[in-house]
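There are 2 protein chains.
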Amino acid sequence: MTRRPNLAVVGATGAVGEVLLGLLSLRQDVWGEIRLVASPRSAGRKPVVRGEPVEVVPLTEAAFDGIDVAVFAVPDVVSAQWAPVAAARGVVVVDDSAAFRTAEDVPLVVPEVNAAALRIRPRGIVASPASTTLAMIAAVGALHAEYGLVELVVASYQAASGEGRLGEAALREQTALVGGVEIGRQTGDLRAVIADHGPFAAPLALNAVPWTGTLADGGWSSEELGIRDESRKILSLPALKVSATCVRIPVVRTHALAVHAVFEREVTQEHAQEILGDAPGVVVYDNPEAGEFPTPNDVVGTDPVWVGRVRRALDEPAALDLFLCGDNLRKGAALNLLQIAELVAGEPRPA
Amino acid sequence: MTRRPNLAVVGATGAVGEVLLGLLSLRQDVWGEIRLVASPRSAGRKPVVRGEPVEVVPLTEAAFDGIDVAVFAVPDVVSAQWAPVAAARGVVVVDDSAAFRTAEDVPLVVPEVNAAALRIRPRGIVASPASTTLAMIAAVGALHAEYGLVELVVASYQAASGEGRLGEAALREQTALVGGVEIGRQTGDLRAVIADHGPFAAPLALNAVPWTGTLADGGWSSEELGIRDESRKILSLPALKVSATCVRIPVVRTHALAVHAVFEREVTQEHAQEILGDAPGVVVYDNPEAGEFPTPNDVVGTDPVWVGRVRRALDEPAALDLFLCGDNLRKGAALNLLQIAELVAGEPRPA
Numbered sequence: 001m002t003r004r005p006n007l008a009v010v011g012a013t014g015a016v017g018e019v020l021l022g023l024l025s026l027r028q029d030v031w032g033e034i035r036l037v038a039s040p041r042s043a044g045r046k047p048v049v050r051g052e053p054v055e056v057v058p059l060t061e062a063a064f065d066g067i068d069v070a071v072f073a074v075p076d077v078v079s080a081q082w083a084p085v086a087a088a089r090g091v092v093v094v095d096d097s098a099a100f101r102t103a104e105d106v107p108l109v110v111p112e113v114n115a116a117a118l119r120i121r122p123r124g125i126v127a128s129p130a131s132t133t134l135a136m137i138a139a140v141g142a143l144h145a146e147y148g149l150v151e152l153v154v155a156s157y158q159a160a161s162g163e164g165r166l167g168e169a170a171l172r173e174q175t176a177l178v179g180g181v182e183i184g185r186q187t188g189d190l191r192a193v194i195a196d197h198g199p200f201a202a203p204l205a206l207n208a209v210p211w212t213g214t215l216a217d218g219g220w221s222s223e224e225l226g227i228r229d230e231s232r233k234i235l236s237l238p239a240l241k242v243s244a245t246c247v248r249i250p251v252v253r254t255h256a257l258a259v260h261a262v263f264e265r266e267v268t269q270e271h272a273q274e275i276l277g278d279a280p281g282v283v284v285y286d287n288p289e290a291g292e293f294p295t296p297n298d299v300v301g302t303d304p305v306w307v308g309r310v311r312r313a314l315d316e317p318a319a320l321d322l323f324l325c326g327d328n329l330r331k332g333a334a335l336n337l338l339q340i341a342e343l344v345a346g347e348p349r350p351a
Numbered sequence: 001m002t003r004r005p006n007l008a009v010v011g012a013t014g015a016v017g018e019v020l021l022g023l024l025s026l027r028q029d030v031w032g033e034i035r036l037v038a039s040p041r042s043a044g045r046k047p048v049v050r051g052e053p054v055e056v057v058p059l060t061e062a063a064f065d066g067i068d069v070a071v072f073a074v075p076d077v078v079s080a081q082w083a084p085v086a087a088a089r090g091v092v093v094v095d096d097s098a099a100f101r102t103a104e105d106v107p108l109v110v111p112e113v114n115a116a117a118l119r120i121r122p123r124g125i126v127a128s129p130a131s132t133t134l135a136m137i138a139a140v141g142a143l144h145a146e147y148g149l150v151e152l153v154v155a156s157y158q159a160a161s162g163e164g165r166l167g168e169a170a171l172r173e174q175t176a177l178v179g180g181v182e183i184g185r186q187t188g189d190l191r192a193v194i195a196d197h198g199p200f201a202a203p204l205a206l207n208a209v210p211w212t213g214t215l216a217d218g219g220w221s222s223e224e225l226g227i228r229d230e231s232r233k234i235l236s237l238p239a240l241k242v243s244a245t246c247v248r249i250p251v252v253r254t255h256a257l258a259v260h261a262v263f264e265r266e267v268t269q270e271h272a273q274e275i276l277g278d279a280p281g282v283v284v285y286d287n288p289e290a291g292e293f294p295t296p297n298d299v300v301g302t303d304p305v306w307v308g309r310v311r312r313a314l315d316e317p318a319a320l321d322l323f324l325c326g327d328n329l330r331k332g333a334a335l336n337l338l339q340i341a342e343l344v345a346g347e348p349r350p351a
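Here the protein sequences come in this chain order: A and B.
Here full-length UniProt numbering is used: position 238 in the first sequence is 238, and no number is missing along the way.
Here full-length UniProt numbering is used: position 54 in the second sequence is 54, and no number is missing along the way.
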């Protein structure tokens with residue numbers, strides 16, 4: 001390569017963007033220019049990247065001039081409109097939204113699991129999975145390689161920041177409101193105190209809300225179907241059986257998942273722990289007697305997926321039960337985007 | 001019956017006891033004397049029952065003189081010691097602890113599901129299931145009667161009051177501590193602010209703790225095994241496949257469960273909703289488009305198990321995915337105890 005590739009960060013001032021800029025200052029620097037792009041409302045701000053303030057430019061066609069790789073951390077509709085614009089200008093787009101995840105001609109990539117899928121990208125767009133899928137897929141992928149995955153039953157414990165800055169702010173406000181109050185003793189207490197649910201379908205502080213995403217057929221949510229579609233695509237298992245129930249809980253950051261995974265071959269607890277311990281991007285933290293299991297708070301700001309509570313199912317020798325935590329803004333979004341972008345940057349290119 | 005039976009409430013001043021006394025004032029009154037019993041430390045207090053203050057007496061053999069039925073809402077070790085003492089004096093004991101739940105000669109009863117099991121109680125002791133099991137079993141039992149249950153995969157979202165008054169107080173304190181603070185942005189934030197975890201294995205406010213109960217073989221927790229053992233016993237399905245992962249979340253009261261249930265026969269979403277709607281002790285609240293699904297806060301202080309998010313599994317026509325909420329102190333403890341005690345009170349007795 002004759003020069004370092006130039007990177008655009010689209011959505012640089014959002015919750016994922018903020019984490020992404022932090023990572024750019026921490027990781028090995030492979031980039032030439034790093035251009036920050038956001039909505040006109042945020043243009044002009046000067047976040048610090050690699051130790052220097054960088055002025056945010058508005059999202060226009062010109063924002064992609066001279067850019068080689070663009071990571072998009074913006075809402076679905078913005079990606080749907082602008083990713084093709086950037087790609088048409090020769091930019092490789094790495095997109096965090098749901099807009100392209102299930103498109104047949106867009107690879108869906110988790111570098112630890114299916115980096116090779118990155119090579120075939122006829123539209124010039126690469127998608128990154130949802131943060132829920134990313135909270136488990138490196139671990140599940142490693143187990144699949146050994147045992148052959150047949151079925152996943154997933155229950156999520158999702159953080160408020162899955163709804164971006166709005167979600168995080170809403171949970172903080174709600175928590176402050178209920179902090180000193182005798183809440184939770186009578187039906188609907190929270191509804192009396194919390195008038196504004198923010199982006200959630202019900203009050204979230206001191207509660208659990210079994211709804212994320214939008215309504216799909218059969219009572220399923222888009223997020224639940226996304227876990228199914230994305231797991232199938234990433235693992236190249238189009239017939240994988242998947243049932244997911246997605247629930248928002250009052251945690252600021254880091255998703256957790258309870259996963260029941262059924263395989264073709266028998267498993268043992270120890271061997272599964274070994275496989276997970278050897279898997280890239282996965283940390284095993286699993287000694288309940290010593291209080292060792294991942295909790296969202298202990299995982300915030302870390303790169304890997306953390307796995308604990310590894311158990312062989314008592315009534316099914318080819319099944320495991322697990323509890324996993326992954327920072328939804330880091331591996332669940334910014335880190336995976338950046339890992340993909342770095343792989344693209346490292347590809348041999350025409351001079 | 002020549003006279004109304006006399007009831008003793010053992011553990012009258014605890015979290016479950018408090019709810020039980022409230023229910024005694026609300027429900028049809030079938031009792032003669034209601035005697036309140038607690039540890040010597042709480043003796044002398046005068047909670048109001050049926051509109052009158054009643055003095056709490058200490059737990060001694062004499063506390064059971066003249067008593068017909070005693071409900072026990074005390075720790076396992078207290079039940080293990082004192083339930084046989086009461087039973088030996090001819091009292092029918094209805095016990096909320098785990099001490100007798102899996103004993104072969106003690107029936108484990110949920111009136112909506114297996115009231116008949118109450119009849120055979122050679123030790124004079126009847127057990128009530130754990131609050132987690134009770135958050136689902138009326139609904140699951142109704143579905144089993146129609147479809148034939150084969151397997152359950154359960155993930156719990158358990159409330160702090162599952163650890164009694166201590167648990168509730170600890171969550172309130174922790175929530176007040178983090179209420180106004182920028183918590184949850186960095187690894188271990190909560191551990192820096194919350195020095196005392198209370199009865200939990202890690203800080204609970206703005207977190208999720210995948211551990212309840214004590215450690216059993218294979219990395220399982222006693223509570224997870226309890227859901228398996230109790231479901232099998234109540235449904236008379238000794239070979240039922242069950243995998244549960246139990247997680248405490250920052251909710252004061254009411255447990256929630258995500259349940260994946262596999263049956264012998266094909267299901268449909270509508271038919272399952274009908275069965276659940278007709279089931280005693282079950283309410284269906286299931287219209288996500290209109291924001292209708294149960295949340296713990298909306299269920300606190302109500303009698304039934306609430307079921308929402310009823311979906312037929314996409315890859316298994318004989319499986320359902322559900323989200324359920326049940327007040328862990330009410331149907332999960334006090335109400336089920338009282339329902340059993342009322343059934344005993346209504347039995348024909350020798351004059």
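No residue lacks a Cβ here, since even glycine has one placed at the ideal position from N, Cα and C.
Residue contact with chain B for Asp298(A): present (Cβ-Cβ distance below 8 Å to some residue of chain B). The secondary-structure analysis by DSSP pairs Ser243(B) across a beta bridge with Val153(B).
As DSSP reads the structure, Arg35(A) sits in a beta bridge with Ala8(A). Rounded to whole angstroms, the Cβ separation of Val69(B) and Val91(B) is 7 Å, and the two are in contact under 8 Å. Of the other Cβ atoms in all chains shown, fewer than 16 fall within 10 Å of the Cβ of Gly291(B); this residue is therefore exposed. For His255(A), the enclosing beta strand (DSSP E) stretches over residues 255–263. When 7 Å is used as the limit between beta carbons, Trp220(A) is near these residues of chain B: Arg311, in chain order. Taking Asn297(A) as reference, the option from Ser222(B), Val57(B), Ala99(B), Val178(B) with the minimal CA-CA separation is Val178(B).
Trp306(B) has a beta carbon lying at 8 Å or more from every beta carbon in chain A.
Per DSSP, Ile183(B) lies in no alpha helix (DSSP H) and is assigned neither H nor E. No Cβ of chain A is located within less than 8 Å of the beta carbon of Ser231(B). From the beta-carbon of Val247(B), the residues of chain A found nearer than 8 Å are Tyr157, Ala256, Ala258, Phe323. As DSSP reads the structure, Ala319(A) sits in a beta bridge with Val262(A).
Shown here, Gly226(A) sits in a helix according to DSSP, grouped into three states.
Not a single CB atom of chain B sits nearer than 8 Å to the CB of Glu274(A). Taking CB atoms only, Lys241(A) has a neighbour in chain B less than 8 Å away. Proximity of the stretch 155–173 of chain B to the stretch 198–215 of chain B meets the contact definition, three or more beta-carbon pairs being nearer than 8 Å. Of all residues in the stretch 129–143 of chain B, none has a C-beta nearer than 7 Å to a C-beta of chain A.
DSSP, read as helix, strand or coil, puts Ile194(A) in coil.
For the alpha helix (DSSP H) assignment, the uninterrupted runs of no fewer than 4 residues enclosed by the stretch 13–62 of chain A are, from N- to C-terminal side, 15–26. Distance from the CA atom of Tyr285(A) to the CA atom of Ala117(B), rounded to whole angstroms, is 43 Å. Here DSSP, grouped into helix, strand and coil, assigns Gly167(B) to helix.
At the C-beta level, Val54(A) and Leu26(A) stay beyond 8 Å of one another. From the beta-carbon of Leu149(B), no residue of chain A is found nearer than 9 Å; the closest lies around 13 Å away.
Counting along the chain, the unbroken beta strand (DSSP E) around Gly308(A) starts and ends at 305–312.
Note that the C-beta distance between Leu324(B) and Val305(B) is below 8 Å. In this structure the stretch 150–158 of chain A does not touch the stretch 99–114 of chain A; the number of beta carbon pairs closer than 8 Å is below three. Counting C-beta atoms within 10 angstroms of its own C-beta, Lys46(B) has fewer than 16 neighbours from the protein chains shown and is therefore classed as exposed. Taking 8 Å as the threshold, the shortest C-beta distance from Ala169(B) to chain A does not fall below it. The Cβ-Cβ distance between Thr133(B) and Ile227(B) falls below 8 Å.
The beta carbon of Pro75(B) sits closer than 7 Å to the beta carbons of Ser97 from its chain, once the five residues preceding and following it are set aside; these are given in chain order.
With a contact defined as Cβ atoms closer than 8 Å, Glu230(A) and Thr245(A) miss out at about 16 Å. Around the beta carbon of Val48(B), fewer than 16 other beta carbons sit within 10 angstroms, so the residue counts as exposed. The beta carbons of Pro129(A) and Ile120(A) sit no closer together than 8 Å. In this structure, DSSP gives Glu289(B) a helical state, which the three-state scheme calls helix. Residue-level contact by beta carbon fails for Ile120(A) and chain B, as no gap is shorter than 8 Å.
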